[in-house]
Amino acid sequence: METALYLPVKTFLEAAGYTVKGEIGGCDLVGLKGEGTKDGDSAVVVVCELKLTFNLELLLQAVDRASVSDEVWIAARVSAKGRGRESDRRYRDLCRRLGIGMLGVSDSGAVSVIVSSVSPMPRTNPKRRTRLVSEHRRRTGDPALGGSTKVPILTAYRQQALAIASALAEGPLRPRDLKDTAANAGSTLRNNYYGWFEKVEKGVYALTDIGREALKRWDRP
Numbered sequence: 037m038e039t040a041l042y043l044p045v046k047t048f049l050e051a052a053g054y055t056v057k058g059e060i061g062g063c064d065l066v067g068l069k070g071e072g073t074k075d076g077d078s079a080v081v082v083v084c085e086l087k088l089t090f091n092l093e094l095l096l097q098a099v100d101r102a103s104v105s106d107e108v109w110i111a112a113r114v115s116a117k118g119r120g121r122e123s124d125r126r127y128r129d130l131c132r133r134l135g136i137g138m139l140g141v142s143d144s145g146a147v148s149v150i151v152s153s154v155s156p157m158p159r160t161n162p163k164r165r166t167r168l169v170s171e172h173r174r175r176t177g178d179p180a181l182g183g184s185t186k187v188p189i190l191t192a193y194r195q196q197a198l199a200i201a202s203a204l205a206e207g208p209l210r211p212r213d214l215k216d217t218a219a220n221a222g223s224t225l226r227n228n229y230y231g232w233f234e235k236v237e238k239g240v241y242a243l244t245d246i247g248r249e250a251l252k253r254w255d256r257p
């Protein structure tokens, strides 16, 4: 699975000075370098997409991610017999022309640079880039393996909702009682996106049975 490539690539980019997290804004892996401003305009953003083999779909994903990143990479297993796309000069040349870096991951987890990343394409989607940086910075830790598919992602919003649910597990509370737990506790309780909360009286919320099940399913933040 692609998730097996995540930790080797994460370690590789962290050694280059990036703070790396998986499954941010639909990207397998997002790394940030530098604090930048609140919206992340001056932070350096690197995106890497993972596949078991180098193929056209991987390149198409990378082209899409180029609009929101300063560097974009693709990473895949290298063929033990040397018959993979990484050995195809045409594929490597296409990556160079597009400014997309190629990382090869061996069976032992060693990461090698096949093609270096450059950034000839200008960013064209600043709003999407800002959302990417914001989610990266708000998410606590790195709870999602890059390359995960068909599984719920522990987003920053879900982490905040779980923190509120953990507090409510001890009994009903008012939003003001949860300010130290979550900055947006009031709106999270009112919107009740996951069905975890219920209003028991004016301005007082409690945890539903669905919320208690959610706490059992997810590790508490």
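When we follow the working numbering, the leftmost residue of the sequence shown carries the number 37, and every step to the right adds one.
Cβ coordinates follow ideal geometry from the N, Cα and C atoms, glycine included.
Since the structure is predicted, the reported quantities are computational estimates derived from the model, not experimental observations.
In angstroms with no decimal places, state the Cα-to-Cα distance between residue i and residue j.
i: I60; j: E38; result: 15 Å
i: L251; j: L243; result: 10 Å
i: E249; j: T185; result: 22 Å
i: A180; j: L41; result: 13 Å
i: L86; j: G145; result: 14 Å
i: V187; j: R167; result: 21 Å
i: R224; j: P211; result: In the sequence as displayed, the identity of residue 224 is Thr instead of Arg. So the two alpha carbons sit approximately 9 Å from each other.
i: L68; j: L214; result: 30 Å
i: N227; j: R173; result: 23 Å
Looking at residue j and residue i, is the spacing between their C-beta atoms short of 8 Å?
i: T217; j: A197; result: no
i: V80; j: D106; result: yes
i: Y54; j: V82; result: yes
i: V104; j: R164; result: yes
Determine the DSSP secondary structure at residue i, reduced to helix, strand or coil.
i: L49; result: helix
i: L218; result: Residue identity differs from the one stated: residue 218 is Ala in this sequence, not Leu. DSSP places A218 in coil when its eight states are reduced to three.
i: I136; result: coil
i: S148; result: strand
i: L68; result: strand
i: G207; result: coil
What are the start and end residues of the beta strand (DSSP E) that includes residue i?
i: Y241; result: 240–243
i: A79; result: Where A79 is concerned, there is no enclosing beta strand (DSSP E), given that its DSSP letter is neither H nor E.
i: W109; result: 107–113
i: G177; result: Looking at the DSSP string, G177 is not in any beta strand (DSSP E), and its letter there is neither H nor E.
i: G120; result: Careful: G120 lies outside any beta strand (DSSP E) and carries neither H nor E.
Starting from residue i, trace the alpha helix (DSSP H) both ways and give me its first and last residue.
i: V169; result: 162–174
i: A199; result: 192–204
i: V99; result: 92–101
Could you check how far apart the C-beta atoms of residue i and residue j are, in whole angstroms? I think they sit under 8 Å.
i: L134; j: V99; result: 6 Å
i: V151; j: C131; result: 5 Å
i: A192; j: E171; result: 6 Å
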